[in-house]
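Taking it in order: structure first as structure tokens, then the write-up.
Residue numbers (my numbering), protein chains in the order written: chain D, 630 to 1132; chain H, 186 to 588.
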């Protein structure tokens, strides 16, 4: 018969049971704690990845500018991702018809770079969003990427521009060995997707920016930038019908003398080409002197200069040099030389837009414009290359820089106020300039006598001028006028003003 | 005079320039007299011969040089790894003698090599009052297959000859995380598959503290069967089954995840006493033997009869600073002259996924004026409850002081 258990045995048994119970609970708790540590560690890693992803995007937003080239945007973007996520190799492939070609890369040695630059991969966009680790089953497309790019473990995602797959970014590592070279994760893929989204948007923004800039440059060729500035508009898109501004400006009109006769000998196409060739010489003179061309009227140029008239007058003189260079260039082909006259006047203008909403035009409205045009029209009559009005001369800061002579006082058709007409001969050919300079005193004295009604004296002096300078057209004109007045004296109230009834 | 140590580092990719620069910085950082010893470490990206030559240009032909590859370097104001880091500590002393010893042919021969090294040290009159630093080549690429040289048999071999160990610390040299061939520097020789030791005899005293941040999470379990570094059975049951149950059947941690995650700790102190980090030797699982349902451990020192506990690792590094300060407190009136930090490369933030570098806590905790040289290692060695032990996932801080 077995003895019943003693109280001590019973206690020991109870204690052993308790001990076993607590040991089991401790072990359960141990496992849970270790698992919890592991989960916490994983959560921290994921959080770190998220923070890193945000930091990458934040930096890209800060440093990538819309005015960068597409190459620079691509390069900076993949460099940022590659460096921050410590990838071994990263490549951006962009669609080129039916294939994708590498356009930017990081981490490839010289030999691999050479191979990369020759690469063309016919990728299926459906296969381009992947995470490939050691555990990933190899498919044909994955193997194609592995072989082509020599990146065994990678994340890949497409780059969409305007909802269309325009490229693929592939980035990865050469080793995968836990724990020191952990496999790429969904977090890495998510970061790459965010970066690819940024890249797509940045490339599209850059394209739009470049397009807008090209458009603005194109518009500027038709509507001068200076015009917009005067209207206080940043862009042609901001211009409204009726925008206008009042400015004091100097107007320069230039025209090729007897162009109608010249063009009669040319076909329309030849005329077109001729004008464009001439304007390539003439037009830059305006810009170089701070003016802008308001319009071309056939072979004529109407240009505007803000500020004082000195730059405009200088432009008129330099225009003669440009014409001379043009004549040299066309002489080779046997073309006869052309002559260009320029007329300038300074006055108050209204610049603005006229028309209606769907068809507008910039315009300049002012009496001063007409007068400048009349000045130009008078250049042939006085044998001058540059004629400026008295108002223009008075506003010159350095009139002594522009040798000139008063050739007439006229009242043009439609205007009451007389206008002094000055020949700025500094732009004439050397012999003519020299001759006008030598006879300037005599010319001025003769004109003074003429205005005083002493036609006999004036005639004598102009004859002297013509003796020295036979080709002085203005002197010949005024001599003839004096002779006419000697034969038929003007009214008593005549004071030297000649009315020009023609336009 | 006393012992003076200067520390310098460089990241110059040119090895000769790096050696020259690091040595020059070390020279300029302290008032060194005649240099007795140069402790030199550099990553596998450096040519050690050129590095040595650059150092010799600064220190001359006489001082002893001992060192080799490390994954990274830490000083008072720098920390870097996996790049072109190189670090130099120059020792100058009139109160301490530095003996060096070298034993080669380590590969597959750890015990016998350890015994030879031990005999050399005894021939230099190694005493329990000395300090000892031990370095050996971790990477064995002498066969077709990559293997790691084991610290446990090396220590066992040395123990056969050394009756009483002095205070010691050591490391398995590793040049990078790609496990490239590792080199050692001994004098002007460049060697491989070697074990080296520096013996400090004199006033210079070395105190150590181990830091692993691991705490026991559960009950004791007994290892009942092993095969080399593979733990086959725990409590007479397949090791993988036991660990699986401990982690919980419904956890999402599979066998594939056990490597570098499961850590078993051996308590060398009071079994049921208050937890003491110094008493624990941790052994990390580096793989699983699925066929035999066993755990492959980093070293082969877990034998049948050994009681182990599942350990949990701290996710923060604050304990490193606390342990450093506790070591400093132990010095009492002794004057610290140099700190040497042997840090497991796996503890580097880039590799373990932590946000902070544990070595930064050492930098912060050390008072100004104590030069620091830290190295990232493959294996750490220190005394755990009196026993010389190979350690995993551990930082060993060695504080050198004198009266």
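Just so it is clear, CB atoms sit at the ideal spot from N, CA and C, and this is done for glycine as well.
Fair warning: this is a prediction, and the values are worked out from it, not measured in the lab.
Any C-beta of chain H under 9 Å from that of residue i
i                     : result
residue 662 (chain D) : yes
residue 684 (chain D) : no
residue 655 (chain D) : yes
residue 666 (chain D) : yes
residue 659 (chain D) : yes
residue 646 (chain D) : no
residue 760 (chain D) : no
residue 679 (chain D) : no
residue 804 (chain D) : yes
residue 652 (chain D) : yes
residue 789 (chain D) : no
residue 670 (chain D) : yes
Contact with chain D by residue i, beta-carbon distance below 9 Å
i                     : result
residue 481 (chain H) : no
residue 436 (chain H) : yes
residue 362 (chain H) : yes
residue 494 (chain H) : yes
residue 500 (chain H) : yes
residue 319 (chain H) : no
residue 497 (chain H) : yes
residue 433 (chain H) : yes
residue 346 (chain H) : no
residue 255 (chain H) : no
residue 535 (chain H) : yes
residue 446 (chain H) : yes
residue 442 (chain H) : yes
Closer than 7 Å at the beta carbon, the chain C residues around residue i
i                     : result
residue 674 (chain D) : No chain C appears in this structure, whose protein chains are D and H.
Proximal residues to residue i (C-beta, below 8 Å), its chain only, five neighbours per side dropped
i                      : result
residue 1011 (chain D) : 1036, 1037, 1050, 1052, 1102, 1103, 1106
residue 822 (chain D)  : 758, 786
residue 631 (chain D)  : Because residue 631 (chain D) carries a pLDDT of 48, less than 50, the predicted location of this residue cannot be relied on, and the following value inherits that uncertainty. Excluding positions up to five away in sequence, the list is empty.
residue 516 (chain H)  : 392, 584, 586
Residues of its chain near residue i, where Cβ-Cβ distance is below 7 Å and the 5 sequence neighbours each way are ignored
i                      : result
residue 1112 (chain D) : 1088
residue 762 (chain D)  : 782, 805, 812, 813
residue 575 (chain H)  : 336, 337, 340, 484, 486, 564, 566
residue 685 (chain D)  : 709, 710, 713, 820, 824
Cβ neighbours of residue i in the same chain (closer than 6 Å, five flanking residues each side left out)
i                     : result
residue 555 (chain H) : 521, 524
residue 679 (chain D) : none
residue 891 (chain D) : none
residue 508 (chain H) : 394, 396
residue 292 (chain H) : 325, 327, 378
Any non-hydrogen atom of the ligand FAD within 8 Å of residue i CB
i                     : result
residue 934 (chain D) : Although the ligand FAD was asked about, the structure shown includes no ligands whatsoever.
### Query
Counting pairs of beta carbons, one from the region 411 to 419 of chain H and one from the region 482 to 489 of chain H, are three or more of them closer than 8 Å?
Segments in contact, yes.
### Task
Closer than 7 Å, Cβ to Cβ, to anything on chain H: give me those residues from the region 809 to 837 of chain D, in chain order.
Considering only beta carbons, the part of the region 809 to 837 of chain D lying closer than 7 Å to chain H consists of 809, in chain order.
### Query
Is the region 340 to 352 of chain H in contact with the region 251 to 262 of chain H, if contact means three or more CB pairs nearer than 8 Å?
Touching, no.
### Query
On the three-pair Cβ rule with 8 Å, is the region 649 to 663 of chain D touching the region 425 to 432 of chain H?
When C-beta atoms of the region 649 to 663 of chain D are compared with those of the region 425 to 432 of chain H, three or more pairs fall below 8 Å, so the two segments count as touching.
### Task
Taking only runs that begin and end inside the region 1043 to 1121 of chain D, name each unbroken alpha helix (DSSP H) of 4 or more residues, in chain order.
Entirely contained in the region 1043 to 1121 of chain D, the alpha helix (DSSP H) runs reaching 4 residues are, in chain order, 1059 to 1067, 1069 to 1080, 1084 to 1097, 1102 to 1116.
### Task
Output the residue ranges of the alpha helix (DSSP H) runs that lie fully inside the region 987 to 1018 of chain D and measure 4 residues or longer, sorted by chain position.
Counting only runs of 4 or more, we get 996 to 1011.
### Message
For the structure I just gave you, are there three or more beta carbon pairs, one from the region 976 to 983 of chain D and one from the region 887 to 895 of chain D, closer than 8 Å?
### Response
Two segments are said to touch when three or more pairs of C-beta atoms, one from each, lie closer than 8 Å; by this definition the region 976 to 983 of chain D does not touch the region 887 to 895 of chain D.
### Query
Are the region 889 to 903 of chain D and the region 1013 to 1028 of chain D touching by the rule of at least three beta carbon pairs closer than 8 Å?
No: fewer than three Cβ pairs fall under 8 Å.
### Task
For the region 755 to 818 of chain D, list the alpha helix (DSSP H) runs that are entirely contained and at least 4 residues long, ordered along the chain.
With a minimum length of 4 residues, the continuous alpha helix (DSSP H) runs that stay inside the region 755 to 818 of chain D are 769 to 778.
### Query
Is there contact here, the region 361 to 370 of chain H with the region 297 to 312 of chain H, by at least three beta-carbon pairs under 8 Å?
Counting C-beta pairs closer than 8 Å gives fewer than three between the region 361 to 370 of chain H and the region 297 to 312 of chain H, which falls short of the contact rule.
### Contact residues within the region 715 to 739 of chain D, judged by C-beta distance below 7 Å to chain H
Those residues of the region 715 to 739 of chain D that come within reach of chain H (Cβ to Cβ, closer than 7 Å) do not exist; the list is empty.
### Task
Please list the segments of the beta strand (DSSP E) lying wholly inside the region 319 to 371 of chain H, counting only runs of 3 or more residues, in order along the chain.
Within the region 319 to 371 of chain H, the complete beta strand (DSSP E) segments at least 3 residues long are 352 to 358, 369 to 371, listed from N- to C-terminus.
### Task
Pull out every residue of the region 689 to 714 of chain D whose Cβ sits closer than 7 Å to any Cβ of chain H, in chain order.
Identification of residues in the region 689 to 714 of chain D having a C-beta nearer than 7 Å to some C-beta of chain H yields an empty set.
### Message
Using 8 Å as the cut-off, can you tell me whether the region 271 to 291 of chain H makes contact with the region 222 to 234 of chain H, which would need three or more C-beta pairs spanning the two stretches below that distance?
### Response
These segments touch.
### Query
For the 8 Å Cβ check, are there 3 or more pairs between the region 899 to 910 of chain D and the region 1027 to 1035 of chain D?
These segments do not touch.
### Task
Pick out the complete alpha helix (DSSP H) segments inside the region 849 to 917 of chain D, 4 residues or longer, and give them in chain order.
Entirely contained in the region 849 to 917 of chain D, the alpha helix (DSSP H) runs reaching 4 residues are, in chain order, 854 to 859, 888 to 893, 897 to 917.
### Query
Going along the region 402 to 415 of chain H in order, which residues come within less than 7 Å of chain D, judged by CB to CB distance?
Residues 402, 403, 404.
### Query
So, do the region 997 to 1012 of chain D and the region 869 to 881 of chain D have three or more beta carbon pairs nearer to each other than 8 Å?
Output reads yes: the region 869 to 881 of chain D touches the region 997 to 1012 of chain D.
### Task
Only counting runs of 3 or more residues, tell me where the beta strand (DSSP E) segments fall wholly within the region 210 to 260 of chain H, in order along the chain.
If we require 3 residues or more, the beta strand (DSSP E) runs fully inside the region 210 to 260 of chain H come out as 222 to 227, 249 to 254, 257 to 259.
### Query
For the 8 Å Cβ check, are there 3 or more pairs between the region 709 to 728 of chain D and the region 859 to 876 of chain D?
No contact exists between the region 709 to 728 of chain D and the region 859 to 876 of chain D.
### Task
At 3 residues or longer, and completely inside the region 666 to 736 of chain D: list those beta strand (DSSP E) runs for me, N to C.
Here the runs fully enclosed are 718 to 725, 728 to 735.
### Query
Along the chain, which unbroken stretches of the alpha helix (DSSP H) at least 4 residues long are found entirely within the region 258 to 292 of chain H?
You should have found no qualifying run.
### Query
Three or more beta-carbon pairs under 8 Å between the region 1113 to 1132 of chain D and the region 258 to 265 of chain H, yes or no?
With the cut-off at 8 Å, the region 1113 to 1132 of chain D and the region 258 to 265 of chain H do not touch.
### Task
Evaluate contact between the region 765 to 779 of chain D and the region 696 to 704 of chain D, counting only Cβ atoms and requiring at least three cross-stretch pairs below 8 Å.
The region 765 to 779 of chain D makes no contact with the region 696 to 704 of chain D; the number of CB pairs closer than 8 Å stays below 3.
### Message
Below 8 Å, how does it come out for the region 461 to 480 of chain H and the region 438 to 447 of chain H: are there three or more Cβ pairs, yes or no?
### Response
The answer is yes - the region 438 to 447 of chain H touches the region 461 to 480 of chain H, with three or more Cβ pairs under 8 Å.
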